[in-house]
Every structure is written in C-alpha cells, then in structure tokens.
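Undergrad: One structure is given below, represented as structure tokens, and several questions about it will come after.
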Amino acid sequence: MSDHSNPRDDNTPGAPHTAKPANLDDIEAVERLERESATASRLFDVRLIIGGLFTVYGIIVTITGITASDADLAKAQDININLWTGLGMLVLGLLFLAWMVWRPQTPPPVEEIVEDLNREE
Numbered sequence: 009m010s011d012h013s014n015p016r017d018d019n020t021p022g023a024p025h026t027a028k029p030a031n032l033d034d035i036e037a038v039e040r041l042e043r044e045s046a047t048a049s050r051l052f053d054v055r056l057i058i059g060g061l062f063t064v065y066g067i068i069v070t071i072t073g074i075t076a077s078d079a080d081l082a083k084a085q086d087i088n089i090n091l092w093t094g095l096g097m098l099v100l101g102l103l104f105l106a107w108m109v110w111r112p113q114t115p116p117p118v119e120e121i122v123e124d125l126n127r128e129e
C-alpha cells in the first residue's frame, strides 16, 4: 500500500471513506494541478478559438469591403457584400470573446482532482 492510497480501499458501494490528513506534498500537487487545469481550460476554450478566427477574418473581409471597386460592387448589384459580411463576422467574433471574458470557464473542483489522483494510484 502506497503513501497516497485511501485507508479504506475495498470499493464497496456506499461504504464510508475516511480521509487521511493531507501532507504538504499532496497540497502542493493539488495546487499545481489547479493552476495547470485553469490554464489549460482557458487556453483550449472553444470560444477563444472561434472568437479569434471570426475577429481576424472579419477584419480582413471588412478591409476588402472598404477597398472594393465600383466593378466589384456592380457584380453584387451595388451591395457591398464583403463590407456587410466582414462587419457581421467582426461583431460575432467580438461577442464570442466578450462571452469568454464575462463567463470564464471554470476548472474542475479540487475534490475531483484529488479523486482522480487517488484513482491513478
């Protein structure tokens, strides 16, 4: 039996699990995992990827629409499609990025991290 295993390791459903006192190494490991988990959850938040791509492409298409020639407008029945599409993409991308700031993704609670650590052993 290792130092990190549960004192009650019979996996009986409904059996009470007594927690042993945490030592300094366990606390440091959990704090490190919390930091890594929070960083990873923010980094791989799909809202960041979608918002970033829509914002960048929105800027490019908007610039294309602003610099459109009369011949380009004549092809689209005098509607500046690139300008309106670019502005729409830009607004959507900025909304995704604002959503990410207003409602940040939260990492899993410490209890789940500790349970995962105990299951690995």
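In the numbering used here, the protein residues as written are 9 to 129. Glycine included, every Cβ here is placed at the ideal spot set by N, Cα and C. Bear in mind the structure is a predicted one, so any value in this text is a computation, not a measurement.
Excluding the 5 residues flanking Val109 on each side, which residues of the same chain have their C-beta closer than 6 Å to its C-beta?
TA: The residue given as residue 109 occupies position 101 in the sequence shown. So the list is empty, once near-sequence residues are dropped.
Undergrad: Since Thr93 is in the alpha helix (DSSP H), which residue starts that stretch and which ends it?
TA: Reading the sequence shown from its first residue, position 85 is the one you call residue 93. Run containing Thr93: 89-110, per the alpha helix (DSSP H) assignment.
Undergrad: Leu100 to Gly59, Cα distance in whole Å?
TA: Residue mapping note: residue 100 aligns to position 92 of the sequence shown, counting from 1. Residue mapping note: residue 59 aligns to position 51 of the sequence shown, counting from 1. Straight-line Cα distance between these residues: approximately 7 Å.
Undergrad: Following the continuous alpha helix (DSSP H) through Thr72, name the residue where it begins and the one where it ends.
TA: Here residue 72 refers to the residue found at position 64 when the sequence shown is read from its first residue. Where Thr72 is concerned, the enclosing alpha helix (DSSP H) stretches over 54-74.
Undergrad: Please state whether DSSP places Ala84 in a helix, a strand or coil.
TA: The residue given as residue 84 occupies position 76 in the sequence shown. It is coil, neither helix nor strand.
Undergrad: Excluding the 5 residues preceding and the 5 following Ile74 in the sequence, name in chain order all residues of the same chain whose CB lies nearer than 7 Å to its CB.
TA: For the purposes of this step, residue 74 is identified with residue 66 of the sequence shown, where counting begins at 1. The answer, listed in chain order, is Leu91.
Undergrad: Count the other CB atoms, across all protein chains shown, that sit within 10 Å of the CB of Val69; report buried if there are 16 or more and exposed otherwise.
TA: Numbered from 1 along the sequence shown, position 61 holds the residue referred to as residue 69. Buried is the call here.
Undergrad: Tell me which residues share the same chain as Leu105 and place their Cβ nearer than 8 Å to its Cβ, disregarding the 5 neighbours each side in the sequence.
TA: Locating residue 105 in the sequence shown gives position 97, where the first residue counts as 1. Once the five neighbours on either side are set aside, the close Cβ partners of Leu105 are Arg55, Leu56, Gly59, Gly60, Thr63.
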